[in-house]
Each structure stands twice: as C-alpha cells, then as structure tokens.
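Notes for the one structure printed next.
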Amino acid sequence: MAANIETELSSAIPLLHLGLLQTGVERESEQLLVACQKYGFFYLDLSSDSKLCGYWEDMLDTSKQYFGQNLEAKMQDSREGFTTGYEPIGTEVGPNPGTVDGYEILKISRRECLQGHTELSTSVQTHSTLFFDFMREAHGVLMLILTRLSNKMGLDDSSSFETYHAEPGLSQTNMALLRYPEMDSLNCSHVGHNKHTDLGSLTLLLCQQWGLQILPPEAKTWEFVEPRAKHAVINVGDTLHFLSKGQLASVVHRVIPFHQEEGKDRYSIAYFLRSNDDVEVRNTDGHSWSAKDWHDVKFEIFSDPNAIENGLQILTGMREENDM
C-alpha cells in the first residue's frame with residue numbers, strides 16, 4: 001500500500017553545508033559530529049559545488065537513457081558479484097511480506113574508476129567519463145566528511161577513519177544508478193526497497209523524488225525524507241558505526257511507494273564509500289568480520305533474509321524489532 005507523505009514527514013534531519021565543511025568552519029564540523037551521533041542522516045547543501053550539481057543533472061539524464069533500453073540490452077551488463085553490473089527488478093526481497101524489490105540498478109565499482117575503464121556494455125562505456133568524474137567528486141566529499149569526523153573525535157593518524165579507506169587498498173566502494181518504475185507498470189508483488197542499514201561507511205544519495213523513509217534512533221514510526229534540490233542525503237553505514245565503537249548511528253531506512261507521485265518512475269543516484277576489504281570490524285554482539293566478509297554476507301541476506309541465522313538482524317544492523 002502506498003503511504004501518505006503529509007502525515008509522516010521527518011522534520012528532524014539536520015542540514016549541513018559542503019562549502020562550510022570545505023573551508024574548515026569549526027561550528028559546521030561540530031554540527032556534523034552531532035548529526036552523525038544523534039541522527040545518522042543529514043542533508044548536505046551542495047549549492048557551493050556547481051560541478052557536482054551539474055554532474056547530478058547529467059547523471060539523471062543518462063540514467064533515463066540507460067534504463068529506457070529493453071531488458072535484453074541491459075542484461076548484457078549482468079555480472080557475477082555485488083559491485084558492478086546490472087540487476088533487474090525482483091532480485092531481492094521487498095519491504096512487505098510476500099514481495100520482492102521494485103527497482104532495477106546499474107552499479108559501477110571504484111576499481112573501474114581508478115582504472116579509467118569499464119568492461120560493461122558500449123552504452124555504459126559511452127558515458128564512462130561522466131560516471132568516473134562524478135565518482136571522483138563524490139568520493140572527495142565523503143572523504144572530507146571522514147576527515148572532519150576524525151578531527152572532532154580526536155582520532156590520531158593511526159586510528160583516523162580516513163586510514164581505513166586509504167589508497168591503494170582494495171574496497172567494495174561503488175556507485176549505483178537506480179530506477180523504481182511507476183507502480184502502475186508493476187505487479188503489486190514488486191515493491192520498493194526493503195528495510196536495511198547501509199553496510200559501508202558513508203552513503204551519498206541524490207534523489208529529486210519522494211520515497212525514502214528512515215526509522216530514527218529510538219523511534220518506532222517510519223518518517224519520509226523530503227527531497228531537496230541541490231541537496232544530497234548523507235547517512236552513516238554499519239562499518240563506520242562499528243569503527244566508531246557505536247558512537248556514530250547507522251540508521252534503518254527503506255524505499256516505499258507513495259500516493260503523491262504515483263504514475264511516475266523514481267530515479268536516484270548513490271555513492272557508497274566502503275572501507276578497505278581487510279579492515280576488521282566488530283559488530284554489536286562482539287563478532288569480528290573483515291569489511292569484505294561483512295559486505296558479502298549482508299548482500300546475500302538482501303536476497304534471502306532467512307538464509308542464515310539472525311539474517312534479518314544483520315540486514316537491519318542488529319536493530320530489528322517485532323514492530324518495525
């Protein structure tokens with residue numbers, strides 16, 4: 001069932017400004033730390049970065065072109081693994097009982113960006129310069145956020161968050177283009193994106209349409225996140241939550257249909273910053289994982305939360321409750 005935005009709008013998400021973080025304004029870094037500790041989500045005003053805002057518009061146009069191809073053409077980009085390639089609708093479990101996801105996705109790994117080449121189809125290669133330029137810009141923004149957090153938390157060089165993401169270490173960092181087709185064109189069993197916490201360190205999300213919901217810490221009611229022009233939505237992921245010893249909040253979220261924009265396709269662009277594969281993280285029950293193992297296990301659970309014991313708890317960052 002589609003939800004109603006007017007009665008479920010979040011008003012608590014903090015607003016930060018990229019330009020102030022870039023110039024090192026102390027007050028902005030302090031607010032950044034509070035946002036990550038208390039909320040786990042925040043808006044980032046990108047209006048000072050005309051280059052990134054321009055990439056956003058160009059990427060949106062390119063997404064529409066790519067997903068407008070027939071399925072046979074897109075399936076040429078299907079790949080084994082989790083960080084690159086195309087996945088059709090219905091690959092993962094949906095947000096409601098008996099449903100599967102309602103989105104298709106194209107992923108490009110940071111490894112491809114660093115190599116300056118992708119082995120995906122010609123239609124992707126044609127736009128690879130745009131993709132790689134966007135990825136470099138987004139990566140720089142998220143690494144800046146890590147630096148500001150490390151400084152405010154008093155971490156030295158050996159324990160700073162940036163250290164766990166240092167080049168040339170291998171990681172599962174990637175970019176994703178997503179399309180949620182209009183509900184009228186889908187079987188009712190294909191619905192949104194299941195509830196989860198992001199598995200990596202930080203996520204940069206660009207979306208101009210409604211659909212994202214969060215479950216704030218200590219809350220028991222889902223809240224919509226209002227899309228804002230020239231604003232990214234940034235959120236903390238599991239790995240950063242673990243590396244901060246639980247001080248930074250990794251928050252459960254999902255994507256669902258909604259009445260106000262029925263009949264429209266929904267597009268979003270995400271950049272997922274993930275730590276180097278060999279970084280060791282310890283979750284809330286004391287179990288240790290390499291970042292790569294945590295990544296792989298969690299993606300397997302996306303396809304089947306019942307595949308392993310405590311699968312649903314892992315999917316939601318160990319926050320699953322009966323009333324969620």
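1 is the number of the first residue of the sequence shown in my numbering; add one for each residue after it.
Just so it is clear, CB atoms sit at the ideal spot from N, CA and C, and this is done for glycine as well.
Values in this document were obtained by computation on a predicted structure and should not be read as measured data.
- A direct Cα-Cα distance of roughly 30 Å separates Met135 from Trp222.
- In this structure, the straight-line span from the alpha carbon of Phe299 to that of Tyr39 is close to 24 Å.
- Per DSSP, Trp289 is one residue of the beta strand (DSSP E) stretching across 288 to 290.
- For Leu21, the closest C-alpha among the options Arg148, Gly237, Gln209, Glu80 is that of Arg148.
- Three or more beta-carbon pairs separated by less than 8 Å are not found between the stretch 198 to 212 and the stretch 281 to 288, which leaves the two stretches without contact.
- Per the DSSP secondary-structure output, Glu87 pairs in a beta bridge with Ile105.
- According to the DSSP secondary-structure assignment, Cys207 is paired through a beta bridge with Ser268.
- With respect to the 8 Å criterion, Arg274 and Ser201 are classified as neighbours on the basis of their beta carbons.
- Sorting Glu226, Tyr103, Leu240 by C-alpha distance to the C-alpha of Ala12 places Glu226 at the top.
- Under the DSSP assignment, Met175 falls outside any alpha helix (DSSP H), being part of the beta strand (DSSP E) whose first and last residues are 174 to 180.
- Where Leu215 is concerned, the enclosing beta strand (DSSP E) starts and stops at 212 to 215.
- Spanning the alpha carbons of Gly140 and Thr197 requires a straight line of approximately 23 Å.
- For Ile234, the beta-bridge partners assigned by DSSP are Phe42, Leu204.
- The beta carbon of Phe132 lies closer than 6 Å to those of Cys113 in the same chain, with the five residues before and after it left out.
- Sequence-distant Cβ neighbours of Val279 in its own chain, meaning closer than 6 Å and more than five residues away, are Tyr164, Ala291.
- Counting of Cβ neighbours within 10 angstroms places Gly102 among the buried residues, the total reaching 16 or more.
- Residue environment: Asn70 is assigned as exposed (fewer than 16 neighbouring CB atoms within 10 Å of its CB, all protein chains considered).
- Looking from the CA of Ser171, the closest CA among Phe41, Thr23, Trp294 belongs to Trp294.
- Three or more pairs of CB atoms, one per stretch, sit closer than 8 Å, so the stretch 224 to 240 contacts the stretch 41 to 49.
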